[in-house]
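J.:
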Amino acid sequence: MVFYLIGLGLGDVEDITVKGLNIVKNCARVHLEAYTSILCYGLDKTNLEKFYGREVIEADRTIVEQESDAILKGADKEDVALLVVGDPFGATTHADLVLRAKQQNIPIRIIHNASIMNAVGCCGLQLYNFGETVSIVMWTDEWQPESYYDKIALNRQRGMHTLCLLDIKTKEQTVENMMRGRKIFEPARYQKCSEAASQLLTICERRKAKGEECAYDENTMVVGLARVGWDNQKIVYCSLTEMSEMEMGEPLHSLIIPGETHPLEVDMLETFRASS
1 MVFYLIGLGL GDVEDITVKG LNIVKNCARV HLEAYTSILC YGLDKTNLEK
51 FYGREVIEAD RTIVEQESDA ILKGADKEDV ALLVVGDPFG ATTHADLVLR
101 AKQQNIPIRI IHNASIMNAV GCCGLQLYNF GETVSIVMWT DEWQPESYYD
151 KIALNRQRGM HTLCLLDIKT KEQTVENMMR GRKIFEPARY QKCSEAASQL
201 LTICERRKAK GEECAYDENT MVVGLARVGW DNQKIVYCSL TEMSEMEMGE
251 PLHSLIIPGE THPLEVDMLE TFRASS
């Protein structure tokens, strides 16, 4: 039998491919990876179950990353599927699942779909001009990493665009609840373009205070994207300072720092320029 990794795309239940839908309807078990992204109705599996006409088992971070054998169990005897928002290989966790399945000699099939990695072309920037993608994490008072800055700087030096994936916090626990073994989780949090822009400006200020040259400044033009692939998708082209105050609405958000741009890219970006 087969273990299937099936991409759901970016929008709603209807974005699954015809091939993926047929597989889902015929699998013995169907799991939903429920922590690396969301669809337009959140991650309420009820919508999926109604559309597929079958049960969908939610798999959170703990199950996918630490108890993956529970998902793969029986896949050597019956068809099992894991549904992933976007494309199956949008997160390294899913590659690990594939490796585990291979180690158990379980046949694997991948059903691809759209993801933020290719859908960012909607803003007009050409995909082959993107450099390394970075992840911007939410800062706390005690933890403010800046490692992603170096990758942004390198992309800028090479004239490449940088896609910044913004942080998602789902089913997070406080230190106290973890230590006490209490299954109490904090409300889901999704980083906004404005928060990411503010962090980037702070990093720049710190670099300049050290006498270093920053790879960008407050006037650097950036692209904010919200809910890509949804009916209420929003794209805004503005300065980094303007983005730090921009309200992009509900999640999910992504941020792009353009590198060198082709005239056609500029023309497209200008159609999304924020109103002054």
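Residue numbers (UniProt numbering): 1 to 276. For each residue, glycine too, the CB sits at the ideal point set by N, CA and C.
(1) Which residues in the same chain as H94 place their Cβ atom closer than 7 Å to its Cβ, once the five residues preceding and following it in sequence are excluded?
(2) From the DSSP output, in three-state form, read off R206 for me.
(3) What are the boundary residues of the beta strand (DSSP E) that A226 is part of?
(4) If you compare alpha carbons, which of L201, V228 and K208 is closest to M221?
(5) Determine the contact status of L72 and A101, defining contact as a CB-CB distance below 8 Å.
(6) Assuming R109 and V2 make a contact with CB atoms under 8 Å, what is their CB distance in whole Å?
(7) Would you grab the beta carbon distance between R227 and E250 for me? Rounded to a whole angstrom, and I think it's under 8 Å.
(8) Can you tell me which of the three DSSP states R182 falls into?
(9) Going by DSSP, name the residue or residues bridged to L255.
(10) For H31, which beta-bridge partners are listed by DSSP?
(11) Could you tell me whether the Cβ atoms of I111 and G259 are closer together than 8 Å?
(12) Taking only the alpha-carbon atoms, compute the straight-line gap between A215 and K234 and give it to the nearest angstrom.
(13) At what residues does the beta strand (DSSP E) containing A5 begin and finish?
(14) Just the Cα atoms here: how many angstroms apart are Y52 and Y128?
(15) Roughly how many angstroms separate the alpha carbons of L264 and K208, rounded to a whole number?
(16) Between S135 and N113, what straight-line distance do the alpha-carbon atoms span, to the nearest angstrom?
(17) For V134, list the residues DSSP reports as bridge partners.
(18) Using DSSP with H/G/I as helix, E/B as strand and the rest coil, what is S239?
(19) M160 and G124: beta carbons closer than 8 Å?
(20) Provide the residue(s) that pair with Y190 in DSSP beta bridges, ordered along the chain.
(21) Of the residues L269, L163, Y148 and A28, which one's Cα is nearest the Cα of G74?
(22) Could you tell me if L8 is buried or exposed, where buried requires 16 or more neighbouring beta carbons within 10 angstroms of its beta carbon?
(23) Under three-state DSSP, which class holds K234?
(24) Can you name, in chain order, every residue of its own chain whose Cβ lies under 6 Å from the Cβ of V223, other than the five neighbours on each side?
T.: On the basis of the coordinates in this document:
(1) L5, V84 and P88
(2) helix
(3) M221 to A226
(4) L201
(5) yes
(6) 5 Å
(7) 6 Å
(8) coil
(9) C164 and G224
(10) I57 and L82
(11) no
(12) 27 Å
(13) Looking at the sequence shown, residue 5 is not Ala but Leu. Note, L5: beta strand (DSSP E), F3 to G7.
(14) 36 Å
(15) 33 Å
(16) 21 Å
(17) C164
(18) strand
(19) no
(20) I168
(21) A28
(22) buried
(23) strand
(24) C123, Y237 and I256
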